[in-house]
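Here the protein sequences line up with chains A and B, keeping their order.
Heads up, the final residue of the first sequence is numbered 479 in the working numbering, and it's a clean run with no missing numbers.
Heads up, the final residue of the second sequence is numbered 923 in the working numbering, and it's a clean run with no missing numbers.
Ideal Cβ placement from N, Cα and C applies to all residues, glycine included.
Worksheet: the structure to be examined is printed underneath.
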Amino acid sequence: MREIVESALLAAKRAGASYADVRIVQREEESISTKNGAADAIRHSESKGFGVRVIANGGWGFSSSFITTPEEAEKVANEAVQIALASSKTKIADAKIAKVEIYQDKVPQPVKINPFDVPLSKKIAILLEADKIMNIQGIIVRKGSMNFSKEWKTFASSEGAYIEQERIVSGAGISAVATDGKEIQVRSYPTSFGGDFQRKGFELIEEMDLVSHAEETAKQAVALLSAKQCPSGKMDIILKGPQLALQVHESMGHPAELDRVLGEEASFAGTSFLTPEKLGTFRYGSDIVNITADATIPEALGGFAYDDEGVKAKRIYLVKNGIFVGYLNSRETSAKLNLEPMGAMRAENWNRMPIIRMTSINLEPGDKTLDELIEGVDYGILMDINKSWSIDQNRLNFQFGAEMGWEIKNGKIQGIVKNPSYTGITYEFWRSCDGIANKDFWHVWGVPNCGKGEPEQVMQVSHGVAPARFRNVQVGVLK
Amino acid sequence: MIGREKSIEIVKKVLSMSGADQTEALLMGGESYLTGFANNYIHRNVGEKNYTLSVRVVMGKRIGSSSVDDFSDEAIKKVIQDAMLIAENQQENPDFVSLAKPEKAEDKEFFIKDTAECSPDFRAEYVNKILKATKAKGLTGSGKFETNAMEIAIANSLGVERYTKLTTSTLKSVVLSDTSSGYSMSSSIDVNKIPVDDILKESIEIAEMGKNPTSIEPGKYEVILTPYALAELISHLNYLALNARAMKEGTSFLIGQIGKKVVGENVTMYDDGLSSETIPLPFDFEGVSKRKVVFFEKGIAKNVVYDTLTAYKEGKESTGHSLPQPNPYSPYPMNVIMEGGKSSKEEMISNVKRGLYVQRFWYTNPMDPRRAIITGMTRDGLFLIENGKITRPVKNMRFTESVINVLNNIIELSKDKKIVYDMSSITVPYARIKEFTFTSKTEF
């Protein structure tokens with residue numbers, strides 16, 4: 001590794017780079033999916049490569065290759081500088097990055113059970129056992145999946161940083177799709193779109209206990225077919241963990257990304273309503289809404305020791321007592337607004353240039369129990385697990401659908417309802433939050449599929465949430 | 480680029496070293512470059528050289544897959560061992576019949592040297608042309624200019640042996656004013672055929688026309704959808720409805736409807752990987768030649784796409800629509816084309832008494848898969864049409880609408896079409912839709 005790093009940094013300097021960094025990533029992945037009683041797709045992959053990022057003549061350049069030799073490193077570094085010089089032809093000002101503390105560190109990630117030591121047969125057996133239990137009348141598709149990855153990443157810069165980090169991730173989930181020939185309904189455990197993910201070993205899969213939750217998952221999917229349609233109108237809602245995690249992700253995580261705010265994602269992901277003049281003054285939510293960006297939470301999927309610019313992981317407030325107070329930033333964007341770099345730059349793999357990504361974006365716990373939240377509702381809907389999501393490119397108008405809802409009347413849960421959905425404007429919605437469950441209900445949900453950037457990069461992020469109540473929300477759009 | 484001879488040598492080496500009942504090797508990769516711009520300068524300019532060798536082994540009906548990006552003998556030996564280990568621990572897949580059977584076919588290439596060798600300076604020149612025009616108008620330019628060269632080699636132990644090389648280039652421009660944005664994009668295998676002048680003209684015009692929008696109330700409107708907007712809606716049918724997996728898993732609205740009239744008589748839509756109207760692909764990722772598959776002919780549901788897994792089980796031939804296996808989204812239509820009509824865009828606008836012109840949809844997602852009900856936002860240009868003329872820009876709105884309804888409510892289609900490309904292509908005309916449901920609004 002040292003030879004590749006030295007070759008790349010030396011070549012970049014010789015070619016005229018004023019700043020250079022190199023990132024080498026070695027990754028092993030295993031994904032297992034089962035469907036309707038059979039292993040559907042099992043795949044193992046190994047990859048390695050490196051990327052070189054430079055500033056030359058005030059422009060940015062990045063190039064990367066899967067051939068990990070010092071000769072290729074020299075070639076790629078030279079190409080990165082040529083690309084940067086082309087960028088500089090359109091520059092308005094020289095690219096500048098904020099000063100940060102420079103680290104040399106090596107950070108392994110201990111896990112209780114290395115997922116790559118667990119026999120494949122055991123993993124398949126768990127998924128097929130859950131699958132068998134979900135095989136009840138009315139279910140047309142039963143799915144299960146497990147995903148594991150192990151990564152060793154080396155980051156080095158022309159400023160003297162040299163950081164090695166290990167990252168081990170496990171995740172799993174099951175789902176059942178029911179149909180009566182006219183419609184389909186789905187239920188998932190522990191959440192949708194592949195389940196929950198954490199920086200843990202196989203112990204996470206054991207803790208999830210997919211098999212014990214299979215029966216209820218399938219029965220609820222079938223029950224939804226004959227459930228009444230979720231009512232429409234203005235009413236109170238309570239969002240449970242995974243649905244609230246998605247709400248935080250879309251309506252707080254993305255708008256707080258400073259590259260979006262500054263227009264750098266205008267061509268694809270969009271911009272943000274959280275413009276710089278709002279920092280420190282804008283009422284984003286009610287007084288009880290506190291949102292943190294915290295890359296230091298042990299085992300959280302959005303956590304790490306250092307980001308891909310070598311900035312040490314931090315915990316900062318994005319929203320404090322309802323007021324918008326912080327951005328997710330990079331060394332370059334923080335310099336533009338004179339902010340302190342908080343370490344949110346990450347790349348999907350060696351072949352991508354880092355961009356600003358969510359870390360673990362969390363709604364801090366409140367002081368209620370779930371029962372107390374429900375007791376405070378005259379009429380409303382409790383919603384759980386996301387099924388559909390959409391939000392405008394400034395992150396204001398959203399519409400989200402959940403897998404399942406429960407009608408609440410006079411402070412008590414009634415029957416289930418199907419196709420629950422709700423819509424609103426981000427800040428109006430968060431200002432209507434009047435109850436958040438306490439830390440006993442708090443869980444950090446891993447989201448492994450956050451998409452952003454051109455070329456697109458899929459990132460692992462997470463959201464700590466406990467159930468929360470929102471007043472007078474527009475529920476339902478389907479006729 | 481590795482080239483035909485060396486690529487075929489690598490995939491055949493995998494076959495010679497494997498002891499499985501059936502073996503498939505897929506080598507895929509190339510060089511990709513993207514020049515991204517925002518705030519009137521190039522802010523992200525990246526390159527990548529990347530290859531992956533994927534191996535699929537079959538033992539009886541047990542299948543294992545593994546991939547690596549190293550083509551040494553030791554790496555190939557290990558990747559086969561990894562795949563075999565998976566197959567040995569795997570359950571039998573009752574749906575599996577065989578890997579792809581060989582066919583007599585010519586290996587076509589869609590490769591333009593100028594695209595493959597496009598330099599960062601060339602891309603910067605095109606981008607600069609757009610930025611000069613946006614700056615001159617007091618607007619802000621953003622977008623991307625992407626050039627890719629890719630090669631695919633596939634061989635399997637039944638005798639399939641295919642190789643192709645392909646290029647693509649895409650230029651996208653999103654122009655911003657303080658109160659509006661405008662969008663345009665174009666893709667071609669030939670970088671010299673990217674119409675940079677048309678792209679900057681369309682994106683600047685829409686941004687200028689869109690300045691200072693006002694709100695209107697959500698509700699049902701007659702709409703004119705540009706090809707960008709229509710393609711966004713149709714993209715959801717690709718995975719929800721138009722493939723054999725969706726038919727089996729219950730999400731397709733075509734279940735039990737083949738041979739029946741399901742959409743308007745003016746809708747004829749098919750997939751054709753070899754058409755001159757698409758970003759072509761000669762064969763799929765199992766090495767099966769692309770067949771033309773008709774989805775709707777004058778409104779009547781005809782067929783869906785297949786890969787070998789879904790086809791052989793039903794005693795059919797694969798239509799050449801496999802994604803790299805194993806893949807939960809396979810089979811998948813990669814080259815959707817809708818037949819156009821006789822109108823021009825201008826004629827279509829002149830026929831609208833009161834309606835909306837939609838440049839683009841954004842962040843669309845299904846609310847109800849079986850009914851293909853999609854929600855999403857308008858973006859980068861929404862205009863009110865009154866008495867046959869675009870009269871004013873309006874603030875963006877959310878729609879919640881079934882794509883089936885949209886295809887049943889087409890009044891007019893334009894003669895002109897556009898290729899909308901993002902990994903796969905959808906080629907569609909402008910469409911005038913009788914009734915389209917907007918359900919809420921936003922602040923810009």
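> Any idea which residues DSSP pairs tyrosine 642(B) with across the strands?
Replying inline: Ala632(B)
>> Any beta carbon of chain A sitting closer than 7 Å to that of lysine 623(B)?
In response: yes
> By a C-beta neighbour count over all protein chains shown, 10 Å radius and 16 as the cutoff for buried, is threonine 870(B) buried or exposed?
Replying inline: exposed
> So with Cβ pairs under 7 Å, would you call aspartate 593(B) a contact of chain A?
Replying inline: no
> Does any C-beta atom of chain A lie closer than 7 Å to the C-beta of lysine 616(B)?
Replying inline: no
> Mapping DSSP to helix, strand and coil, what is lysine 913(B)?
Replying inline: strand
> If you drop the 5 nearest sequence neighbours on each side, which residues of the same chain put their C-beta closer than 6 Å to that of asparagine 349(A)?
Replying inline: Val25
>> Buried or exposed, going by whether 16 or more other CB atoms sit within 10 Å of the CB of methionine 902(B)?
In response: exposed
>> Taking beta-carbon pairs under 9 Å, can you tell me which members of the region 490-513 of chain B lie near chain A?
In response: Gly508, Ser511, Tyr512, Leu513
> Per DSSP, lysine 896(B) forms a beta bridge with which residues?
Replying inline: Pro908(B)
> Does any CB atom of chain B fall closer than 7 Å to the CB of lysine 89(A)?
Replying inline: yes
> CA-CA distance, phenylalanine 268(A) and arginine 260(A)?
Replying inline: 10 Å
> How long is the line joining the alpha carbons of alanine 686(B) and methionine 856(B), rounded to whole angstroms?
Replying inline: 17 Å
> glycine 16(A): which of Ala56(A), Ile4(A), Lys35(A), Ala39(A) sits nearest, CA to CA?
Replying inline: Ala56(A)
>> So glutamate 527(B) contacts chain A; which residues on that side make the cut at Cβ distance below 7 Å?
In response: Ser64, Asn351
> Whose CA, out of Phe775(B), Lys896(B), Ser768(B), lies closest to the CA of lysine 458(B)?
Replying inline: In the structure as shown, chain B starts at 480 and stops at 923, and residue 458(B) therefore has no counterpart that could be examined.
>> Within a Cβ cutoff of 6 Å, which residues of the same chain sit near valine 76(A), ignoring the five residues on either side of it in sequence?
In response: Val52, Ser63, Ser65
> Looking at tyrosine 19(A) and serine 158(A), is the spacing between their C-beta atoms short of 7 Å?
Replying inline: yes
> Counting only runs that start and end within the region 595-629 of chain B, where is the beta strand (DSSP E) found for 3 or more residues in a row?
Replying inline: none
> Do glutamine 239(A) and alanine 84(A) have their C-beta atoms closer together than 7 Å?
Replying inline: The displayed chain sequence assigns leucine, not glutamine, to residue 239(A). Result no, Cβ atoms of leucine 239(A) and alanine 84(A) do not sit closer than 7 Å.
>> Please tell me whether lysine 112(A) and glutamate 28(A) are closer than 7 Å, where the distance is taken between their beta carbons.
In response: no
> Per DSSP, what kind of secondary structure is histidine 522(B) in: helix, strand or coil?
Replying inline: strand
> For chain B, is any of its Cβ atoms less than 7 Å away from the one on alanine 17(A)?
Replying inline: no
> Whose C-alpha, out of Pro70(A), Ile32(A), Ala41(A), Thr34(A), is nearest the C-alpha of alanine 11(A)?
Replying inline: Pro70(A)
> Residue range of the beta strand (DSSP E) that threonine 747(B) falls in?
Replying inline: Unbroken run through threonine 747(B): none, as it is neither H nor E.
>> For glutamine 82(A), which residues in the same chain have their Cβ closer than 8 Å to its Cβ, ignoring the five residues on either side in sequence?
In response: Ala15, Gly61
> Which class does lysine 91(A) belong to by DSSP, given the choice of helix, strand or coil?
Replying inline: coil
>> Any beta carbon from chain A within less than 7 Å of serine 768(B)'s own beta carbon?
In response: no
> How about valine 783(B) and alanine 723(B): are their beta carbons less than 7 Å apart?
Replying inline: yes
> Any beta-carbon of chain A closer than 7 Å to the one on serine 546(B)?
Replying inline: yes
> Of the residues Gly405(A), Trp389(A), Ser286(A), which one's Cα is nearest the Cα of cysteine 450(A)?
Replying inline: Trp389(A)
> List, in order along the chain, the chain B residues whose C-beta lies closer than 7 Å to that of tryptophan 481(A)?
Replying inline: Outside the modelled stretch of chain A, which goes from 1 to 479, sits residue 481(A), for which no answer is possible.
> Comparing alpha-carbon positions, which option in Ile42(A), Val107(A), Glu454(A) lies nearest alanine 266(A)?
Replying inline: Glu454(A)
> Does the distance from the C-beta atom of glycine 201(A) to that of glycine 173(A) stay below 7 Å?
Replying inline: no
> Considering only C-alpha positions, which residue in the set Pro581(B), Thr643(B), Val654(B), Asp600(B) is nearest to threonine 613(B)?
Replying inline: Val654(B)
>> I need the straight-line Cα distance from lysine 479(A) to isoleucine 779(B), nearest angstrom please.
In response: Its pLDDT being 46, under 50, lysine 479(A) is placed unreliably by the model, and the measurement read from it follows with that caveat. Going from the Cα of lysine 479(A) to the Cα of isoleucine 779(B) covers about 26 Å.
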